[in-house]
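> Line by line, the protein sequences give chains A and C. Start counting the first sequence at 3; every next residue gets the next number (the working numbering). Start counting the second sequence at 60; every next residue gets the next number (the working numbering). From the three backbone atoms N, C-alpha and C, an ideal C-beta is built for every residue, glycine too. First, the structure itself, so that you have it in front of you.
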Amino acid sequence: MKAKLKLVNVGQKIGEEYWEFNSGAVTEIRGRTASGKSRIIKSCALALSLPITSDEIRSNAISFGIARSDDAECSPLLNSNKDKAVIELKYDDILKRVELDRDGTEKINIPGNQKFLYSSMLVENSKIHNYIDRGIADFSWIVSEMSLAKDYEAVKRILISYSDLLVSKKEEIEKGNNEKIKNQELLEKRKKELTETNNRIYKIEKEIDAIEINPQLKTEYEEINNDLRKIKKQFVENKDKLKKHQKELSEIENNINNNENTIKRNSEKIEELKAEKKKLEAIDITSINKEIEKILKENANLRESVGIFKEKIDSLDQNIKDLNKDYKRLIETNEEKALCWTCNDGYVSISYFENELGKKNLEKENFQNELTKKENSIDNNNSKYQQLQKEKASKDRIEIIEEEYEKLSKTVGLLGAEKDKLGARKKEIDGEIPMHRENIKSREIKIQKKEQQIKSIEEKLVKFEQVAPKLEEKNLLTKKLGVIEKDIEDLEHSINQKFFFEFLGIKIEDLKINTLFKDFEEIFKEVNNYIDLNIKEQSEGAAIKFNDNIKKIIKELEFSEFNEISLNLEDYNLNIIRKDNTIQPINSLSGGEKVVVSSLLQISAKETYNPDIPFIVGDDIILKMDDDRREIFYNYLKNIAKENDWFIILTRTTDEDLIIEEI
Amino acid sequence: MSQNKNIIKEIIEYIETSMHEGLDESEFIKNFRKKIEKILEEKLL
Numbered sequence: 003m004k005a006k007l008k009l010v011n012v013g014q015k016i017g018e019e020y021w022e023f024n025s026g027a028v029t030e031i032r033g034r035t036a037s038g039k040s041r042i043i044k045s046c047a048l049a050l051s052l053p054i055t056s057d058e059i060r061s062n063a064i065s066f067g068i069a070r071s072d073d074a075e076c077s078p079l080l081n082s083n084k085d086k087a088v089i090e091l092k093y094d095d096i097l098k099r100v101e102l103d104r105d106g107t108e109k110i111n112i113p114g115n116q117k118f119l120y121s122s123m124l125v126e127n128s129k130i131h132n133y134i135d136r137g138i139a140d141f142s143w144i145v146s147e148m149s150l151a152k153d154y155e156a157v158k159r160i161l162i163s164y165s166d167l168l169v170s171k172k173e174e175i176e177k178g179n180n181e182k183i184k185n186q187e188l189l190e191k192r193k194k195e196l197t198e199t200n201n202r203i204y205k206i207e208k209e210i211d212a213i214e215i216n217p218q219l220k221t222e223y224e225e226i227n228n229d230l231r232k233i234k235k236q237f238v239e240n241k242d243k244l245k246k247h248q249k250e251l252s253e254i255e256n257n258i259n260n261n262e263n264t265i266k267r268n269s270e271k272i273e274e275l276k277a278e279k280k281k282l283e284a285i286d287i288t289s290i291n292k293e294i295e296k297i298l299k300e301n302a303n304l305r306e307s308v309g310i311f312k313e314k315i316d317s318l319d320q321n322i323k324d325l326n327k328d329y330k331r332l333i334e335t336n337e338e339k340a341l342c343w344t345c346n347d348g349y350v351s352i353s354y355f356e357n358e359l360g361k362k363n364l365e366k367e368n369f370q371n372e373l374t375k376k377e378n379s380i381d382n383n384n385s386k387y388q389q390l391q392k393e394k395a396s397k398d399r400i401e402i403i404e405e406e407y408e409k410l411s412k413t414v415g416l417l418g419a420e421k422d423k424l425g426a427r428k429k430e431i432d433g434e435i436p437m438h439r440e441n442i443k444s445r446e447i448k449i450q451k452k453e454q455q456i457k458s459i460e461e462k463l464v465k466f467e468q469v470a471p472k473l474e475e476k477n478l479l480t481k482k483l484g485v486i487e488k489d490i491e492d493l494e495h496s497i498n499q500k501f502f503f504e505f506l507g508i509k510i511e512d513l514k515i516n517t518l519f520k521d522f523e524e525i526f527k528e529v530n531n532y533i534d535l536n537i538k539e540q541s542e543g544a545a546i547k548f549n550d551n552i553k554k555i556i557k558e559l560e561f562s563e564f565n566e567i568s569l570n571l572e573d574y575n576l577n578i579i580r581k582d583n584t585i586q587p588i589n590s591l592s593g594g595e596k597v598v599v600s601s602l603l604q605i606s607a608k609e610t611y612n613p614d615i616p617f618i619v620g621d622d623i624i625l626k627m628d629d630d631r632r633e634i635f636y637n638y639l640k641n642i643a644k645e646n647d648w649f650i651i652l653t654r655t656t657d658e659d660l661i662i663e664e665i
Numbered sequence: 060m061s062q063n064k065n066i067i068k069e070i071i072e073y074i075e076t077s078m079h080e081g082l083d084e085s086e087f088i089k090n091f092r093k094k095i096e097k098i099l100e101e102k103l104l
């Protein structure tokens, strides 16, 4: 696999530049200090890690020189004379593009993984290296931050906030329910009191009847009392009917409202589907097919050209190699000229070789540029091809859209019919309600009139000595009756009133809320269990895997000085045990050992937590290693690059001009 | 019951996708709320 890096206005270089790396190998970027080596690996790291959302990782990125610090105007990778830099890293089927603007904005096309900077960027100021350098043994952050445990914990916190909200709402509902139950009990008690008081009044009236008084007055009194009872009964019936209709009306209004909302939503969806269908119908398959055919033909021609250019480059490579061989021989043997390899007759000088090499290299560079252009055109054509195929395939969606459209239209029709039915019933009730109100009003007037008549008869009756105390008791009971009736009315009103609760800004009727909350409780509980399981697996499993990886690396590296490097599974402290089984305190490691141990930990962290991104980049990490250790380390990197098909790109400061070479 | 199971599956899938893309907490909170509101509205219909 090849990775192609395109840089525009990155670092000191103005304009476009192209770099290529092969996977399965270690590529070394060599050159003098300030020759522009680091910006190449920094650009790769930035493209692979953006967006950086964690404050701590951002501060690491700032110290690596790849992210903008708070007091800086723009990214440190943007050329100081330009307003915009572009980084494009293409590998496999992935193209990562980053745009860095003068105003400090960073635009990306697809997100990378910010943890790349912890695990895959081997630099002297990496977080792991800083810990080792300062002799800190506590590496619990590797497990919590590198594994997904921390992210799962963040999700768990969000979920808990919803569960807490649910509990508080539930308490509110329970309080409301308790109030309702209390009112219901009170209502029953009041109703019983009402019956008892009515019975007592009736009894008193009978007792008054039994007393020997004016028979005409008695008959009149009895008749009016009977009438009053009858009217009161009708009055209660009218009130009940009114209440029933008012309740029905409120339900109808609610249903109409719900129907209207659903119709509106469905109609919007129908419009969206119509627009999508129109767009899909406009796709012209014939012209797409023609376009595809054109692209395939063009790509075939381009591939042929690529083949030719590659052949030319290979042949030039061979020429350069041969020339180099003779040239080196001349230098080594201090000879000034060599036998001409074409005529075998004359001689050619050193300067001739130098001129030829310059010419051939220039020619090769031109071919290389042409090759890159052709390959880029093939890539662009491939993207176009995929887009066209996608457009072609999207035609199949028309059928699905039609089905969905039909279903939604049917629902809208049904809901519309139901809404009309409900509207008719609402009209009917609207017409009946004034009649009930009129009846109630007329009964109230009649009741008042009868009560006045009773009062005037009672005034006459009170003259009879035996009647007076009974009438006094009756008056008291009648007053009590009024209070009880008012209480009953208030209690009934409060019990029948609909309660609404607000949850996430949505009004929910109290009748629905219990089922709804029960559902949400079940959902949150299940999701929470799933998250807990993942946190456990991520923390424990990740530490064990991490240790296994370090063990494997030490074994493969065959470093003679260490027997074991591992994280303690209790407290995640780093233990280093030397070959003679003595414990090595971190701060007593030599400079070179610190680089080795931190690089081992980083590679292990990469293998454990970040294996999907096939890149490791390193900036001058081998500087402090002695030659033997460097060779072992390089061999190990070559092995893992080959084994995992990774790109490993390292910089190294030398006295050469900037050069890229696989090692 | 089966509706709840589908919702649980949908939420877990959403969590996994967010993890895979590298969790952006503020984005997750915003979208998670939208998801819960949608579930609530569907249940109220």
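(1) According to DSSP, simplified to helix, strand and coil, what is A:GLU30?
(2) I believe A:GLU609 touches A:ASN570 by the beta-carbon criterion, under 8 Å. Please report the beta-carbon distance rounded to the nearest angstrom.
(3) With a CB to CB cut of under 6 Å and the five nearest residues on each side skipped, what residues in its chain are close to A:GLU664?
(4) Assign A:PHE617 to one of two classes, buried (16 or more other C-beta atoms within 10 Å of its C-beta) or exposed (fewer than that).
(5) Which chain C residues are close to A:ASN268, counting only those with a beta carbon under 7 Å from its beta carbon?
(6) Exposed or buried, A:ARG70, counting other C-beta atoms within 10 Å across all chains shown (16 or more means buried)?
(7) Counting pairs of beta carbons, one from the region 270-289 of chain A and one from the region 430-448 of chain A, are three or more of them closer than 8 Å?
(8) Residues in its own chain within less than 8 Å of A:MET627 by CB, not counting five upstream and five downstream?
(9) What first and last residue would you give for the beta strand (DSSP E) that runs through A:LYS4?
(10) Taking only runs of the beta strand (DSSP E) that begin and end inside the region 53-140 of chain A, which ones reach a length of at least 3 residues, in chain order?
(11) In the DSSP assignment, find the alpha helix (DSSP H) that holds A:THR413 and state where it starts and stops.
(12) Determine which residues share a DSSP beta bridge with A:LEU569 and list them.
(13) Going by DSSP, name the residue or residues bridged to A:ASN24.
(14) When you compare each of A:LEU603, A:LYS557, A:LYS6 and A:SER601 to A:LYS581 by their alpha carbons, which one comes out closest?
(15) For the putative contact between A:LEU410 and A:LYS271, defined by C-beta atoms under 8 Å, what is the C-beta separation to the nearest angstrom?
(16) Please report the straight-line C-alpha distance between A:TRP143 and A:ALA151, rounded to a whole angstrom.
(17) I'd like to know if A:ASP94 contacts chain C, where contact means its C-beta is closer than 9 Å to some C-beta of that chain.
(18) By the DSSP assignment, the beta strand (DSSP E) with A:VAL350 in it spans what residues?
(19) Would you mind sorting A:ASN549 into buried or exposed? The rule is 16 or more other CB atoms within 10 Å of its CB.
(20) Short of 8 Å in beta carbon distance, which residues of its chain neighbour A:GLU18, apart from the five on each side in sequence? Order them along the chain.
(21) Closest by CA to A:ARG99, which one among A:LEU91, A:ASP105 and A:GLY106?
(22) The region 489-507 of chain A: which residues have C-beta closer than 9 Å to a C-beta of chain C, in chain order?
(23) Which runs of the alpha helix (DSSP H) at least 4 residues long sit entirely within the region 622-656 of chain A? Give them in chain order.
(24) My assumption, with CB atoms under 8 Å, is that A:ILE254 sits in contact with A:LYS482. Please give the rounded CB distance.
(25) Can you give me the C-alpha to C-alpha distance between A:GLU207 and A:LEU244, rounded to a whole angstrom?
(26) Between A:LYS279 and A:ILE400, how many whole angstroms is the CB-CB distance? I'm expecting something under 8 Å.
(27) At least one CB of chain C closer than 9 Å to the CB of A:PRO616: is that the case?
(28) Against chain C, which members of the region 143-159 of chain A pass a CB distance test of less than 7 Å?
(29) Does any C-beta atom of chain C lie closer than 9 Å to the C-beta of A:LYS117?
(30) Taking 7 Å as the limit between beta carbons, can you name the residues of its chain near A:ASN268, skipping five residues before and five after?
(31) Taking the alpha carbon of A:LEU591 as the reference point, which residue from A:ILE138, A:GLU306 and A:LEU364 has its own alpha carbon closest?
(32) Run through the DSSP bridge pairs and tell me what A:LEU341 is partnered with.
(33) Taking only beta-carbon positions, decide if A:ASP521 is within less than 9 Å of chain C.
(34) Leaving out five residues on either side along the sequence, give the residues of the same chain with a beta carbon under 8 Å from the beta carbon of A:GLU365.
(35) Given a threshold of 16 other Cβ atoms within 10 Å of its Cβ, counted over all protein chains shown, does A:MET123 qualify as buried or as exposed?
So, from the data block:
(1) strand
(2) Incorrect: roughly 20 Å between the Cβ atoms, too far for contact.
(3) ALA27 and THR29
(4) buried
(5) Below the 7 Å Cβ cutoff, chain C contributes no neighbours of A:ASN268, its closest Cβ being approximately 11 Å away.
(6) A:ARG70 comes out buried.
(7) The answer is no - the region 430-448 of chain A does not touch the region 270-289 of chain A, with fewer than three Cβ pairs under 8 Å.
(8) GLY594, VAL597, VAL598 and PHE635
(9) 4-10
(10) 86-93, 96-103 and 108-110
(11) 399-463
(12) DSSP, once it has assigned bridges, lists A:LEU576 as partnering A:LEU569.
(13) DSSP, once it has assigned bridges, lists A:LYS4 as partnering A:ASN24.
(14) A:LYS557
(15) 6 Å
(16) 11 Å
(17) False, the Cβ-Cβ gap to chain C never drops below 9 Å.
(18) 349-351
(19) When all chains shown are included, A:ASN549 counts as buried.
(20) LYS8, LEU9 and VAL10
(21) A:LEU91
(22) PHE505, LEU506 and GLY507
(23) With a minimum length of 4 residues, the unbroken runs of alpha helix (DSSP H) contained wholly in the region 622-656 of chain A fall at 629-646.
(24) The beta-carbon distance between A:ILE254 and A:LYS482, rounded to whole angstroms, is 39 Å. This is too long to meet the 8 Å contact definition.
(25) Near 31 Å, if we compare the C-alpha coordinates of A:LEU244 and A:GLU207.
(26) 6 Å
(27) no
(28) Identification of residues in the region 143-159 of chain A having a C-beta nearer than 7 Å to some C-beta of chain C yields LEU150, ASP153, ALA156 and VAL157, given in sequence order.
(29) yes
(30) LEU410, THR413 and VAL414
(31) Closest in alpha carbon position to A:LEU591, among A:ILE138, A:GLU306 and A:LEU364, is A:ILE138.
(32) A:TYR349
(33) yes
(34) Only LEU318 meet the Cβ criterion.
(35) buried
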